[in-house]
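I have placed the structure first, in the form of structure tokens, so that the comments after it can refer back to it.
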Amino acid sequence: MDPDAVIDTLCEADARASARIERIPGLRWPGGARIAVNFTLDFDAMLLRRLLNEPPQQLAKGEFGGRVGIWRLIELFDRHGVTGTIFTVGRICELYPRALRVAAASGHEIADHMWEHHVPKDPALERDHLLKTGAALEATTGQRPVGTRSSHSHALLREMGFLYASQDTADHRPYWLADADGANVLLNLPFHYAIDDAMFYSFAWLGSPNAAQRITDPERVMEMWWDAFLQQYRDGEGGGYLNVCMHPFVSGRALRVGMLDRLIARMKALPGVWFPSCAAVARHVHAQHPPRRLAWA
Amino acid sequence: MPWKQGYTISDEVAVRDEAIAWPDGARCCVLVTVDLNLASGPEGIGARDLEGSVAQFALGDGLEGLLRAFRRRGVRATFAVPAAIAAIRPALVRAIMAEGHEIAAHGIRGEDVSALPREAEQARIRRAAAMLAEVTGERPRGWYGLPRQSDPFAGGALSAHTIELLLDEGFLWYGNGQADDAPHWWVADAAARRAMLTLPYHYHFDDQWFCMFPAKGTGLENPDFLHRNWRAELAAQYARGRCFHMVVHPQHSGFAHRLAMLDAFLASWEGYPGLWNPTGSDCAAHWEAAMPRERHLGLEPSIWRDHPGSLS
Numbered sequence: 010m011d012p013d014a015v016i017d018t019l020c021e022a023d024a025r026a027s028a029r030i031e032r033i034p035g036l037r038w039p040g041g042a043r044i045a046v047n048f049t050l051d052f053d054a055m056l057l058r059r060l061l062n063e064p065p066q067q068l069a070k071g072e073f074g075g076r077v078g079i080w081r082l083i084e085l086f087d088r089h090g091v092t093g094t095i096f097t098v099g100r101i102c103e104l105y106p107r108a109l110r111v112a113a114a115s116g117h118e119i120a121d122h123m124w125e126h127h128v129p130k131d132p133a134l135e136r137d138h139l140l141k142t143g144a145a146l147e148a149t150t151g152q153r154p155v156g157t158r159s160s161h162s163h164a165l166l167r168e169m170g171f172l173y174a175s176q177d178t179a180d181h182r183p184y185w186l187a188d189a190d191g192a193n194v195l196l197n198l199p200f201h202y203a204i205d206d207a208m209f210y211s212f213a214w215l216g217s218p219n220a221a222q223r224i225t226d227p228e229r230v231m232e233m234w235w236d237a238f239l240q241q242y243r244d245g246e247g248g249g250y251l252n253v254c255m256h257p258f259v260s261g262r263a264l265r266v267g268m269l270d271r272l273i274a275r276m277k278a279l280p281g282v283w284f285p286s287c288a289a290v291a292r293h294v295h296a297q298h299p300p301r302r303l304a305w306a
Numbered sequence: 051m052p053w054k055q056g057y058t059i060s061d062e063v064a065v066r067d068e069a070i071a072w073p074d075g076a077r078c079c080v081l082v083t084v085d086l087n088l089a090s091g092p093e094g095i096g097a098r099d100l101e102g103s104v105a106q107f108a109l110g111d112g113l114e115g116l117l118r119a120f121r122r123r124g125v126r127a128t129f130a131v132p133a134a135i136a137a138i139r140p141a142l143v144r145a146i147m148a149e150g151h152e153i154a155a156h157g158i159r160g161e162d163v164s165a166l167p168r169e170a171e172q173a174r175i176r177r178a179a180a181m182l183a184e185v186t187g188e189r190p191r192g193w194y195g196l197p198r199q200s201d202p203f204a205g206g207a208l209s210a211h212t213i214e215l216l217l218d219e220g221f222l223w224y225g226n227g228q229a230d231d232a233p234h235w236w237v238a239d240a241a242a243r244r245a246m247l248t249l250p251y252h253y254h255f256d257d258q259w260f261c262m263f264p265a266k267g268t269g270l271e272n273p274d275f276l277h278r279n280w281r282a283e284l285a286a287q288y289a290r291g292r293c294f295h296m297v298v299h300p301q302h303s304g305f306a307h308r309l310a311m312l313d314a315f316l317a318s319w320e321g322y323p324g325l326w327n328p329t330g331s332d333c334a335a336h337w338e339a340a341m342p343r344e345r346h347l348g349l350e351p352s353i354w355r356d357h358p359g360s361l362s
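Below, the structure written as structure tokens:
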């Protein structure tokens, strides 16, 4: 291929991608907080492993999250005054309704994480799944989700009143993200795989083969996550942000609840650390830092 | 409950920490399993596995090292023994028993049974139990389906029939389940409330994923990760009053620096007053009596439904 044509193609790709993103300079948090920390749980228990047709012990490994892990993490958040966000697979409502009701009653946010952990390609079925999840979460917890961690189409999410998504990291801080046509803007609350418990603890994560396993111990992860927090706390110019992505079947293990207990206590010892739900972050940004170049309406 | 065949093996909510009682006011249960599986693949132990230096180390120097550490620290372990190992080295298995450790079954050759037809699996379970009884003088009461280093998943393999067949054959407990970190009930038939007591397993406390993993020579050597996992989990489970279960292999934890690490970890138990260190069968018998399924297995009717456009 002609090198000039390659450069043109690259310029177009970059222009398309950057046009979809609007960063938020001068982001500030309520009450002069220096950083917002979102503790988020991807609550799928065994449903992703079931979707991938994994064997019985893999399902049991996920089941731990629903029977044991979710309860411990709710209790941990409550004890520390942390408002968590639970991205919940819709069918969890039929498996672990009691834990969801307790989480909602404690003031934690219940958000969307797909109906059975995938977004159907067929638009009619995609709509059906998103509607089913919203209805199930609302019937179980009284909360209608305003946020999602999924690749559901922005058009559909906007139509159903969603305020934010939490996917990928085009910026450290929350940013506005339009769809490919520059329309259907949502706030994106970035999460990064380096701040995802499954990366460090879950064997065979995302189909990784044995030679690619990186399972480790909580002390190493504690230091990484603490350093990530501190970088945003110190260098975030008053608008620091950290989204900690966890799974109840992974972080609900006793040794990791212990590590999170120490991590949160260490964060709380500093002034100006805010532990809101993702929805609270989204409402604040919507009200105080609306998009300028991209249009919400 | 949310009981759904093919999704869950037990009930909606695990037994809470405060509901667990160990014998004589003990604070926490600590279980040690020694896995004598030497299989390099799903078909189980083959002649080539035994001809290698790793197996000869495991059944010799490595095993002696583990037994020495257990003796020095007063630790009781349960050995997950493929019946073939008992047939090949009967004196070794009897010597392990003589030190107060329990012998439980781990297949005939430590093989993966997940694809076997029901009848074939039943025959193997019967044969394994008989082979072990011939050497030990008693039927094994516990059965393990522990993973091998080459397995694609780190939880161990079993078929849809395994638990039911083990119940049929009179086994009292299954050695490695991942749906809890305390003993729990693996439901074989929800309507009949037929369930197998299952000991907790988690691969973060099993040495094989941290010692020359996944292969001798090219694998990763991270025993320090393992040691920190053991220490952190024991501290956390002790605080909860629950259960800690570690799995070691003589070819891994029986070697040099790892053996010193194991010994140091077992020595650290002295800092935890009120640890109860039973064999698998003693733990299962206590749980069965103190935490009976009639009271602690909550199998309410399922609210799981079939939805068009969904998996069921």
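Protein sequences, first through last, are from chains A and B. Using the numbering used here, you'd call the opening residue of the first sequence number 10 and step up by one each time. Using the numbering used here, you'd call the opening residue of the second sequence number 51 and step up by one each time. Don't be surprised by glycine CBs; every beta carbon is placed ideally from N, CA and C.
With a minimum length of 4 residues, the unbroken runs of alpha helix (DSSP H) contained wholly in the stretch 235-278 of chain A fall at 257-260, 263-277. Between the alpha carbons of glutamate 62 of chain B and glutamate 350 of chain B lies a gap of roughly 9 Å.
Comparing alpha carbon positions, the residue from A:Ile273, A:Trp185, A:Arg43, A:Asp244 closest to histidine 89 of chain A is A:Ile273.
Counting only runs of at least 3 residues, the stretch 88-138 of chain A fully encloses the following beta strand (DSSP E) elements, listed from N- to C-terminal order: 94-97, 118-121.
Interface criterion met: the Cβ of asparagine 279 of chain B is under 8 Å from a Cβ in chain A. Within the model, the alpha-carbon separation for arginine 176 of chain B versus glycine 112 of chain B is close to 30 Å.
Alanine 14 of chain A and alanine 210 of chain B have their C-alpha atoms roughly 57 Å apart. For aspartate 230 of chain B, the secondary structure class from DSSP, reduced to helix, strand or coil, is coil. Bridge partners of arginine 244 of chain B according to DSSP: B:Asp239. Segment contact: the stretch 283-294 of chain A against the stretch 154-161 of chain A, three or more CB-CB distances shorter than 8 Å; contact assigned.
DSSP lists A:Asn252 as the bridge partner or partners of asparagine 47 of chain A. Shown in chain order are the members of the stretch 242-265 of chain A whose Cβ falls below 7 Å from a Cβ of chain B: Arg262, Ala263, Leu264. By the rule that beta-carbons nearer than 8 Å mark a contact, tyrosine 253 of chain B touches chain A. If you draw a straight line from the Cα of histidine 126 of chain A to the Cα of leucine 68 of chain A, it comes to about 14 Å. Leucine 166 of chain A sits close to alanine 174 of chain A, with the two beta carbons spaced by under 8 Å. Of the residues A:Glu246, A:Lys141, A:Arg262, A:Ala203, the one whose Cα lies closest to the Cα of threonine 97 of chain A is A:Lys141. Taking 3 residues as the minimum length, the beta strand (DSSP E) runs contained wholly in the stretch 75-148 of chain B are 78-85, 128-131, in order along the chain. Closest in alpha carbon position to serine 103 of chain B, among B:Gly115, B:Leu117, B:Ala155, B:Leu88, is B:Leu88. Look at leucine 60 of chain A here: in three-state DSSP terms it is helix.
When the Cα atoms are used, histidine 117 of chain A and glycine 249 of chain A turn out to be separated by approximately 22 Å.
Taking a cut-off of 8 Å on C-beta distances, the stretch 283-297 of chain B touches the stretch 261-280 of chain A, as three or more cross pairs fall below it. Residues of the stretch 76-88 of chain A that bring their beta carbon within less than 8 Å of a beta carbon in chain B comprise Arg76, Val77, Trp80, in sequence order. Aspartate 226 of chain A places its beta carbon less than 8 Å from that of phenylalanine 275 of chain B. Secondary structure of glutamate 84 of chain A (DSSP, three-state): helix. The beta carbon of aspartate 85 of chain B does not come within 8 Å of any beta carbon belonging to chain A, so the residue lies off that interface.
Note on geometry: alpha-carbon atoms of serine 162 of chain A and arginine 182 of chain A lie some 22 Å from one another.
When 8 Å is used as the limit between beta carbons, methionine 55 of chain A is near these residues of chain B: Tyr57, Thr58, in chain order. Inclusion of threonine 128 of chain B and glycine 192 of chain B in the CB contact set at 8 Å is warranted, their separation being smaller than that value.
With its beta carbon less than 8 Å from one in chain B, glutamate 63 of chain A belongs to the interface. Contact annotation: in the stretch 266-298 of chain A, residues whose CB is within less than 8 Å of a CB in chain B are Val266, Gly267, Met268. Within the DSSP secondary-structure output, alanine 154 of chain B pairs in a beta bridge with B:Ala130. Put simply, of A:Ser211, A:Phe258, A:Asp51 the residue whose alpha carbon is nearest the alpha carbon of tryptophan 124 of chain A is A:Asp51.
Taking 8 Å as the cut-off, the beta carbon of proline 285 of chain A is found no closer than this to the beta carbon of alanine 114 of chain A. With a threshold of 8 Å between beta carbons, asparagine 193 of chain A makes no contact with chain B. Within the stretch 218-234 of chain B, contact with chain A at the beta-carbon level (separation under 9 Å) is assigned to Asn226, Gly227, Gln228, Ala229, Asp230, Asp231, Ala232, His234.
Beta-bridge pairing by DSSP links tyrosine 184 of chain A to A:Asn197.
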